[in-house]
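Following: one structure in C-alpha cells, then a few remarks.
Protein chains: 2
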Amino acid sequence: MSERPVLIAGRWRPARATAKSFQAIDPVTGLTLPPLFPISSWNDVEEALASGSEAAASLASFPPGRIADGLDFAARGLLERADELVRTAARETALPAESRLRASELPRTVGQLHQAAAAARDGSWRRPTIDSRLNIRSRLEPLGGPVFVLGPNNFPLAFNSASGGDFAAALAAGNPVLAKAHPSHPETTRLLSETVFEALRQAGLPDGSFQMLYHIRPEDGLRLVADPRLGATAFTGSRAAGLRLKAAADAAGKPIFLEMSGLNPVFLLPSVLRQRAEELAGELFASCSLGSGQFCTKPGLVAFIGDDGSARFQAAAAAAFRSEEPGFLLGPAVLEGLRKAVERMIAAGAEILAGGRALPSPGFRFENTLLRITARAFLNHPAEFQSEAFGTASILVAAADADELEAAAEAIEGTLAASIYSESGPEDEPLYARIAPRLRVRSGRLLDDKMPTGLAVVPSMVHGGPFPASGHPGFTAVGLPAAMTRFAALRAYDNVRPSHLPPDLQDGNPDGRMRFIDGEWTRAAIESH
Amino acid sequence: MSERPVLIAGRWRPARATAKSFQAIDPVTGLTLPPLFPISSWNDVEEALASGSEAAASLASFPPGRIADGLDFAARGLLERADELVRTAARETALPAESRLRASELPRTVGQLHQAAAAARDGSWRRPTIDSRLNIRSRLEPLGGPVFVLGPNNFPLAFNSASGGDFAAALAAGNPVLAKAHPSHPETTRLLSETVFEALRQAGLPDGSFQMLYHIRPEDGLRLVADPRLGATAFTGSRAAGLRLKAAADAAGKPIFLEMSGLNPVFLLPSVLRQRAEELAGELFASCSLGSGQFCTKPGLVAFIGDDGSARFQAAAAAAFRSEEPGFLLGPAVLEGLRKAVERMIAAGAEILAGGRALPSPGFRFENTLLRITARAFLNHPAEFQSEAFGTASILVAAADADELEAAAEAIEGTLAASIYSESGPEDEPLYARIAPRLRVRSGRLLDDKMPTGLAVVPSMVHGGPFPASGHPGFTAVGLPAAMTRFAALRAYDNVRPSHLPPDLQDGNPDGRMRFIDGEWTRAAIESH
Chain P
0 MSERPVLIAG
10 RWRPARATAK
20 SFQAIDPVTG
30 LTLPPLFPIS
40 SWNDVEEALA
50 SGSEAAASLA
60 SFPPGRIADG
70 LDFAARGLLE
80 RADELVRTAA
90 RETALPAESR
100 LRASELPRTV
110 GQLHQAAAAA
120 RDGSWRRPTI
130 DSRLNIRSRL
140 EPLGGPVFVL
150 GPNNFPLAFN
160 SASGGDFAAA
170 LAAGNPVLAK
180 AHPSHPETTR
190 LLSETVFEAL
200 RQAGLPDGSF
210 QMLYHIRPED
220 GLRLVADPRL
230 GATAFTGSRA
240 AGLRLKAAAD
250 AAGKPIFLEM
260 SGLNPVFLLP
270 SVLRQRAEEL
280 AGELFASCSL
290 GSGQFCTKPG
300 LVAFIGDDGS
310 ARFQAAAAAA
320 FRSEEPGFLL
330 GPAVLEGLRK
340 AVERMIAAGA
350 EILAGGRALP
360 SPGFRFENTL
370 LRITARAFLN
380 HPAEFQSEAF
390 GTASILVAAA
400 DADELEAAAE
410 AIEGTLAASI
420 YSESGPEDEP
430 LYARIAPRLR
440 VRSGRLLDDK
450 MPTGLAVVPS
460 MVHGGPFPAS
470 GHPGFTAVGL
480 PAAMTRFAAL
490 RAYDNVRPSH
500 LPPDLQDGNP
510 DGRMRFIDGE
520 WTRAAIESH
Chain B
0 MSERPVLIAG
10 RWRPARATAK
20 SFQAIDPVTG
30 LTLPPLFPIS
40 SWNDVEEALA
50 SGSEAAASLA
60 SFPPGRIADG
70 LDFAARGLLE
80 RADELVRTAA
90 RETALPAESR
100 LRASELPRTV
110 GQLHQAAAAA
120 RDGSWRRPTI
130 DSRLNIRSRL
140 EPLGGPVFVL
150 GPNNFPLAFN
160 SASGGDFAAA
170 LAAGNPVLAK
180 AHPSHPETTR
190 LLSETVFEAL
200 RQAGLPDGSF
210 QMLYHIRPED
220 GLRLVADPRL
230 GATAFTGSRA
240 AGLRLKAAAD
250 AAGKPIFLEM
260 SGLNPVFLLP
270 SVLRQRAEEL
280 AGELFASCSL
290 GSGQFCTKPG
300 LVAFIGDDGS
310 ARFQAAAAAA
320 FRSEEPGFLL
330 GPAVLEGLRK
340 AVERMIAAGA
350 EILAGGRALP
360 SPGFRFENTL
370 LRITARAFLN
380 HPAEFQSEAF
390 GTASILVAAA
400 DADELEAAAE
410 AIEGTLAASI
420 YSESGPEDEP
430 LYARIAPRLR
440 VRSGRLLDDK
450 MPTGLAVVPS
460 MVHGGPFPAS
470 GHPGFTAVGL
480 PAAMTRFAAL
490 RAYDNVRPSH
500 LPPDLQDGNP
510 DGRMRFIDGE
520 WTRAAIESH
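Sequence order for the protein chains is P and B.
In terms of numbering that gives the first Met the number 0, the first sequence opens at residue 0 and continues consecutively.
In terms of numbering that gives the first Met the number 0, the second sequence opens at residue 0 and continues consecutively.
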C-alpha cells in the first residue's frame, strides 16, 4: 500500500520521505490501522518553508474578509464531512464518537473557526493606535512567515494543527499555517487538511496558506522552529517535547508558544468539605475521568485539611474511582506515561486508594487511580507529584493544618488552572484569602467552586499560565481574539504617507475599525486638518 | 574612601560586596571619578529578591492610584534635583548638560513617569474582559515577582533602571523594580534612586518596591534572571550581553525583554536622491551624530542606487562628516567597539569616505566616520556590516540597480527602525512598493522621508522589532501603556465569587474602567440579572 500524500505548496503529492513510514494504532485493539503515512525529509520542509514564505508576503496585505471567508468555508466543510471525520477520529483515538466527537468537539471546532473569522473581519485584535499630531500609527500585523503548528494527541479536532484553535488563530491573524499531524491521528488530520485546503482555495487564498506534513524527524523539527523564514511555532503537547523545541527556537530568537500541560490543583477548604464531601467526590471523579482523564485541565491534585469531612470525601472519591470501568487511552505512550507517573508517586510515598494498575490487553487501559499523600511528604518532594499524567488519576494531599495547606499552595508549579472550593463563611474565607493569592500567580485561570476541565471558547478565557504550563505568561492558547495576538508583531508607521498606510491606519478609517486615537478608543475617522 | 551604599529592602546600607569595587570614568579626561561603588555579592541579590517578592505580593492588590502617586512624586522629585542630576550625569557621560540632559532627556524622563502614572490610574492597559453569561473574567495582572531592570549606557536618565522607561512601565503595571546601575553612570543612578525611593515611600508603597544595586558579577546576573522568584527581566544594551542573559532566562522559562540595538537602515530612492542629495546628506549627518552617534536608532546604513544623485549625496555626506569635531564617547568600551566595527567593515571591503581613526587621548573620541561599499559586496557578507557600532559612523551601500537595492533590503537583519525616502512619482513609487514590505517585516518602526533617531513617547510608538533587535516582536520598550504589557500576566477568573474579584472585574465597575464585555468595549457596569 502506498503512503498518503502530503500537502505542500498548493498540491497533494507524495512525500520526499525518509526511509521509514508509520501507521496509527487503534487504541481499542492495539493493532495498527491500514494507511501508511510518510515521515518527511528536510526537502519537504524546505519546500513548505519557501511556499509558506511566499504566502506570508501575499497574505500580509490580503483583505481580512477573504481570510475570514476561508475560515467560514472550512467550518462549513467540516460539518459536511462530519460523519467521516467523527468515524475516523473515533477509530484513531477511541474517544466516544457521538457524545464527545460529534456532540462536543466538532461543534467547538466549527465555532472556533467562525469566531476566528469574525475576529479577522472585525480587526480590533490589531489594536490600531494613532497619535494624529505626530503622525505615528501602529498596529499588530502578521509575523512575516508561516506559523508551524504542532497539535496534541487528545483533541483530534478542536486542537488539531489542521483546523483547531492554533490553526484558526494563526490564519485569522494573517499568517500561513504549516501543520504537522499528531502521529496518533494522521488520517483524521488528512481529512481535516483536505477540507481546510479546499476552503481556503475557494476563498482565493494563495498556495502555501495552509500546508500539512504528517511527521518529520526530531532533528528537522528543531531546525524548523529555528529557521529564519518561520514566523513562529505553536506547540501543544508534553513538557519534554515542548522544552526541546523551546530551546531550539529560543536560541534562534524565533517566537514559540507552548501549552505544556498542567497539574490543575483543586483546594477544598474545611467548611465546604464537611458540608459537601460526597458531592465533591463525585464532581472530582467526573472531571478527572473526562476523556479518559486526557484533558490538559484534568484535576491532578486535590488538597485539603484532614478532618472528619476529608475522611468522608476520601472514602467517597475512592468508591467513585472504583465504580466505573476505565476508558481507553490514546495509545501505548500514554499508557506508559501514566504507569510511570503512578510508580513515581508511589516511590515518593503515595498510597493507593483506588486502582494503580494497567489492564490486560487488548487496547490501552489503566485502572481509574486515586492516590494519597500527606502534605508534609508532598512538601518534601513537591516536583515528584507534579509531572502530568494523562489518564484518570489524581492524588489527594492531606494537610495537618492551614499552614500546611498554604505551604502546599506555595509549592505548586506554574499551571493552567487552579480551583478553590469554599463556603462564604467565617471558617473558609480567611483561608481563601491566604490560598488564593498563591494559586493566583501560579495559574492562568483561577476557579471558585468548580472543577477545572471546562474550557469555554470566549474572549475572557485564559488557557495558559506561568512556565512550565506555557512558555510565556502574557498569552492564551484559547479565547479569541486574544489567542491571535501570539502570532502578531507590533509595528509602527512613523510619518508614513497616507497612500502607503494600511486601511485601518488611514485617517478615513474606511472599514470603521475601533481604534485608539490620541488616547481614546473610537470608531470615528480622523478629520482632515 | 568608603563605597556608596546600596538600596535593599527599604534601606540604604553597605553592600555585602565582593572584593572588588569600581569607579566611573570621566569620558572627557579619561580619568576615574572619585566615588567608589561596590560590586554586590549574591547575598545582596538574595536579600533583594526576598524583599522584592514580598513587595510583589503586597502590590498585587494595591490601589493603582497609590502606585501612580509614587510615579508622580518621583517625577516631581527629579525636577527638584534637576541641577544636581544634570551636573552629575554630564560628568559621567560627557553628554551636553543643557541642550541634551536638561532640555531634552530630563523632561522626557519626567513625562514618562507622569504618563505611566496616568496609565496606572486609567487601568485600561489591563484589558478587563468579561463574558457575563458564563461568569468568566480576565485581565492583565502584575507578574508576581520583582522586575530586574538593566539600563543602557547612552540615556543616563530616560532609560536609567532607576527612573527610566522600563522602571516606569514595570512599576505602573504593579511590579516591584530591582534596578542595576549601568557602570558608566553609577552616581547618577544613586541620585535617581534616592529620589525614586523617597517618592515611593511618600506614596506609602511597601519596602522592596524599588531596590538598587550598582553592579553584580556576571554569573550572579545569569542566576538572577533565572530565579523562580523573579517576575521578569528588562534589558537594554549590547547584543552580546543581552544574548547571554536571554539564554539563562529562556532555559528557566522566565520572561525577558531585550532591546539589543539596531542598524536602522535608510533607503534613498532615485528620484528623491537626485532632487535633494545635499539636503539628505545634511539630515543623515545630523541624525547620525546625535548624542555622538550613541542612539539605538542611529542610521547605521544608507542604501541607494548609484547614479548622478548618489555621487552628489556621497560627496556632501562625506563633507558633512568631516566638517564637525566628533563629540566624546561614553567610555573606553564604546571607543573600542567602534574601532573594531570600523575595522571589521574595512576588512570586509568597505572604503573610507571620511574619518576612520580614533583621536588621541585625553578622553574617548573617534573621527566622524563614513564608509562605502557596493551592494554586491554587501550582499556577499551582509552580517559583517550590521553589527551595531555606537558613535558617529555609518556605511553607504551603493546598488547597481533596483534588483540589488531590493536584495539589500531583503538582507537586513531584524532592526528597531527603517526609513525610506521617496518622491510620490512614477519613478520612486514602484520601487517603494518593492522595498517597503521587506523593511516592514524586518523593523519595529517604518518611516517615510524621516531619519530614525526621533523617538516620541506616545501610545503608538514601537521601540522593538524582530530578533535580534529585541527578544520578541510583539512588544515595545517605549510608548505607554503598551510597554507595560511586557510586565504582565494574563489571568482569568472562572466562576469566581463577586467578593473575590478585583474591582475592575466586578459587575459594578466601581472605577469606571473601559472593559470588553460580551464582545463590546464599554465603561458601563453590568446590570444585575
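Glycine included, every Cβ here is placed at the ideal spot set by N, Cα and C.
On a predicted model such as this, the values are computed, not experimentally measured, just so you know.
Q: Using alpha carbons as the reference points, say which of B:P298, B:N367, B:F294 lies closest to S322 (chain B).
A: As a position in the second sequence, residue 322 (chain B) is number 323, starting the count at 1. Ranking the options by Cα distance to S322 (chain B), first place goes to B:N367.
Q. Start and end of the beta strand (DSSP E) containing D307 (chain P)?
A. Position 308 of the first sequence holds residue 307 (chain P). Here D307 (chain P) belongs to no beta strand (DSSP E); instead the alpha helix (DSSP H) covers 307–322.
Q.
Under 8 Å: do the stretch 179–190 of chain B and the stretch 13–31 of chain B share three or more Cβ pairs, one atom per stretch?
A. yes
Q. Among residues of its own chain, excluding the 5 on either side of D306 (chain B), which ones have a beta-carbon nearer than 7 Å to its beta-carbon?
A. Within the second sequence, numbered from 1, the residue matching residue 306 (chain B) stands at position 307. Once the five neighbours on either side are set aside, the close Cβ partners of D306 (chain B) are P269.
Q) Using CA coordinates, which residue listed in B:R522, B:A318, B:E140, B:R273 is at the minimum distance from F303 (chain B)? A) The residue given as residue 303 (chain B) occupies position 304 in the second sequence. When each option's Cα is compared against that of F303 (chain B), the closest is B:R273.
Q) How would you label E342 (chain B), buried or exposed, when you count the other beta carbons within 10 angstroms and need 16 or more for buried? A) Position 343 of the second sequence, counting from 1, holds the residue named residue 342 (chain B). Exposed, because fewer than 16 other Cβ atoms sit within 10 Å of the Cβ of E342 (chain B).
Q. Would a check of beta-carbon distances place V495 (chain P) closer than 9 Å to chain B?
A. In the first sequence, residue 495 (chain P) corresponds to position 496, counting from 1. For V495 (chain P), the answer is yes, since a Cβ of chain B falls inside 9 Å of its Cβ.
Q) Under three-state DSSP, which class holds F36 (chain B)? A) Within the second sequence, residue 36 (chain B) is the residue found at index 37, counting from 1. Here F36 (chain B) sits in strand by DSSP.
Q: Compare the C-alpha of A47 (chain B) against each of B:S291, B:R228, B:G292 and name the closest.
A: Position 48 of the second sequence holds residue 47 (chain B). Residue B:R228 is the option with its Cα nearest to A47 (chain B).
Q: Identify the contact partners of T128 (chain P) in chain B, using a Cβ-Cβ distance below 8 Å as the criterion.
A: As a first step, residue 128 (chain P) must be located in the first sequence, where it is residue number 129. What T128 (chain P) touches in chain B: P458, S459, A481.
Q. Mind checking G362 (chain B): buried by the 16 CB within 10 Å criterion, or exposed?
A. As a first step, residue 362 (chain B) must be located in the second sequence, where it is residue number 363. Buried.
**Q.** L267 (chain P), buried or exposed, once every other Cβ within 10 Å from all chains shown has been counted against 16
**A.** For the purposes of this step, residue 267 (chain P) is taken as the residue at position 268 of the first sequence. Buried, because 16 or more other Cβ atoms sit within 10 Å of the Cβ of L267 (chain P).
Q. Hey, is M513 (chain P)'s beta-carbon within less than 9 Å of any beta-carbon in chain B?
A. Within the first sequence, residue 513 (chain P) is the residue found at index 514, counting from 1. Yes, M513 (chain P) lies at the interface with chain B (some Cβ there is under 9 Å from its Cβ).
**Q.** Straight-line gap, K245 (chain P) to E258 (chain P) (C-alpha atoms, nearest Å)
**A.** For the purposes of this step, residue 245 (chain P) is taken as the residue at position 246 of the first sequence. For the purposes of this step, residue 258 (chain P) is taken as the residue at position 259 of the first sequence. Going by the C-alpha atoms only, they are around 11 Å apart.
Q) In chain B, which residues lie less than 8 Å from L489 (chain P) when you measure between Cβ atoms? A) To locate residue 489 (chain P), count along the first sequence from 1; it is residue 490. G443, V461, G463, P472, G473, F474, T475, A481, listed in chain order.
Q.
Closer than 8 Å to a non-hydrogen atom of the ligand GTP - does that hold for the CB of L105 (chain B)?
A. Although the ligand GTP was asked about, the structure shown includes no ligands whatsoever.
Q.
Can you tell me whether F515 (chain P) is helix, strand or coil according to DSSP?
A. Taking the first residue of the first sequence as position 1, residue 515 (chain P) is located at position 516. In the structure shown, F515 (chain P) sits in a strand (DSSP, three-state: E or B).
Q | Whole runs of the alpha helix (DSSP H) within the stretch 253–303 of chain B, excluding any shorter than 4 residues | A | 269–287
(Q) I need the boundaries of the beta strand (DSSP E) containing R138 (chain B), first residue and last residue. (A) By one-based count along the second sequence, residue 138 (chain B) stands at place 139. Taken as a continuous stretch (DSSP letters only), the beta strand (DSSP E) holding R138 (chain B) covers 135–141.
Q: Answer yes or no: do S291 (chain B) and G390 (chain B) have a C-beta to C-beta separation smaller than 9 Å?
A: Here the question's residue 291 (chain B) lines up with position 292 in the second sequence. Here the question's residue 390 (chain B) lines up with position 391 in the second sequence. Going by C-beta atoms, S291 (chain B) is nearer than 9 Å to G390 (chain B).
Q | Presumed contact (8 Å Cβ cut-off) between A550 (chain B) and R107 (chain B), rounded CB distance | A | Here chain B covers residues 0 to 528 and nothing more, so residue 550 (chain B) does not appear.
(Q) Going by the DSSP bridge assignment, what does S418 (chain P) pair with across the sheet? (A) Counted from its first residue, the first sequence places residue 418 (chain P) at position 419. BP columns for S418 (chain P) point to P:V265, P:L446.
Q) Could one say the Cβ of G413 (chain P) lies closer than 9 Å to chain D's Cβ atoms, at least one of them? A) Looking for chain D here will not work: the only protein chains present are P and B.
Q: With Q210 (chain B) as the anchor, note down where its beta strand (DSSP E) starts and where it stops.
A: Counting from 1 along the second sequence, the entry for residue 210 (chain B) is found at position 211. From DSSP, the beta strand (DSSP E) with Q210 (chain B) extends over 209–212.
Q: Could you check the C-alpha separation between L334 (chain B) and S192 (chain B) for me, to the nearest Å?
A: Translated into positions along the second sequence, residue 334 (chain B) becomes position 335. Translated into positions along the second sequence, residue 192 (chain B) becomes position 193. Roughly 28 Å separates the two Cα atoms.
Q. Under a Cβ-count criterion, where at least 16 other Cβ atoms within 10 Å of its own Cβ denotes burial, should S162 (chain P) be classed as buried or exposed?
A. For this step, residue 162 (chain P) is matched to residue 163 along the first sequence. It counts as buried.
Q: Note down the Cα distance separating R238 (chain B) from V301 (chain B), rounded to an integer number of angstroms.
A: To locate residue 238 (chain B), count along the second sequence from 1; it is residue 239. To locate residue 301 (chain B), count along the second sequence from 1; it is residue 302. Distance between the alpha carbons of R238 (chain B) and V301 (chain B): 22 Å.
Q: Establish whether the CB of G478 (chain B) and some CB of chain P are separated by less than 9 Å.
A: As a first step, residue 478 (chain B) is located in the second sequence; it is residue number 479 there, counting from the start. It does: the Cβ of G478 (chain B) has a partner Cβ on chain P nearer than 9 Å.
Q: Could you check if S60 (chain B) is buried or exposed, using at least 16 other CB atoms within 10 Å of its CB as the buried criterion?
A: Sequence index remark: in the second sequence, residue 60 (chain B) carries index 61 (1-based). Classification of S60 (chain B): exposed, given that the 10 Å Cβ count is below 16.
Q) Just by C-beta distance, which residues in the stretch 43–73 of chain P are closer than 7 Å to chain B? A) A56, A59
Q) A317 (chain B) and L358 (chain B) look like a contact to me (Cβ under 8 Å); what is the Cβ gap, rounded to whole Å? A) Taking the second sequence and counting its residues from 1, one reaches residue 317 (chain B) at position 318. Taking the second sequence and counting its residues from 1, one reaches residue 358 (chain B) at position 359. Between L358 (chain B) and A317 (chain B) the Cβ distance is about 18 Å, and since that is not below 8 Å, they are no contact.
Q.
Strictly below 7 Å CB to CB, what residues from chain P border G252 (chain B)?
A. Within the second sequence, numbered from 1, the residue matching residue 252 (chain B) stands at position 253. Under the 7 Å cutoff, chain P gives F466, P467, G470.
(Q) Need the endpoints of the beta strand (DSSP E) that S393 (chain B) sits in, please. (A) Counting from one through the second sequence, the residue named residue 393 (chain B) turns up at place 394. Where S393 (chain B) is concerned, the enclosing beta strand (DSSP E) stretches over 392–398.
Q: Would you give the residue range spanned by the beta strand (DSSP E) that S57 (chain P) belongs to?
A: To locate residue 57 (chain P), count along the first sequence from 1; it is residue 58. Segment 41–58 is the alpha helix (DSSP H) holding S57 (chain P); no beta strand (DSSP E) there.
Q.
Three Cβ pairs or more, each shorter than 8 Å: is that satisfied between the stretch 407–418 of chain B and the stretch 462–469 of chain P?
A. no
Q) Whose C-alpha, out of P:D82, P:E91, P:E140, is nearest the C-alpha of E97 (chain P)? A) To locate residue 97 (chain P), count along the first sequence from 1; it is residue 98. Cα-wise, what sits closest to E97 (chain P) is P:D82.
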